[in-house]
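In this note's numbering, the protein residues as written are 48 to 130. Just so it is clear, CB atoms sit at the ideal spot from N, CA and C, and this is done for glycine as well. From a predicted model like this one, the values you see are computed outputs, not experimental measurements. In what follows, a single structure is set out as structure tokens and then discussed.
This is the structure in structure tokens:
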């Protein structure tokens, strides 16, 4: 059971960091934090409608992975046998 907890915690950590990075890269109405540093790569990414759509899809996927991992971790903690 400890291996499952460790795997879920790693998934939660990776998806958390990935979600933060993807949210910061997404272009909002005001340009977001990515434009604060001159845009760089994100300006060219956001110039294409398809790239922007793919970035949103990646963000939503990372969030869903995080949510399911949190729920799974909670269930493992709830129903794990006490030693």
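If residue i sits next to residue j, beta carbons under 8 Å apart, how far is it from one beta carbon to the other, in whole angstroms?
i: residue 66; j: residue 118; result: Not a contact, Cβ separation roughly 16 Å.
i: residue 212; j: residue 54; result: The question about residue 212 has no answer, for the chain in this structure spans 48 to 130.
i: residue 69; j: residue 102; result: 7 Å
According to the neighbour-count rule (16 or more other Cβ atoms, all chains shown, within 10 Å of its Cβ), is residue i buried or exposed?
i: residue 124; result: exposed
i: residue 122; result: exposed
i: residue 98; result: exposed
Have a look at residue i and residue j and give me their C-alpha separation to the nearest angstrom.
i: residue 72; j: residue 48; result: 36 Å
i: residue 93; j: residue 50; result: Confidence in residue 93 is poor, its pLDDT being 49 and thus under 50, which makes the residue's placement unreliable; the coordinate value appears in the next sentence. Their backbone Cα atoms lie some 40 Å apart in a straight line.
i: residue 105; j: residue 116; result: 16 Å
i: residue 63; j: residue 130; result: 30 Å
i: residue 100; j: residue 120; result: 30 Å
i: residue 75; j: residue 128; result: 46 Å
i: residue 52; j: residue 126; result: 12 Å
i: residue 96; j: residue 61; result: 27 Å
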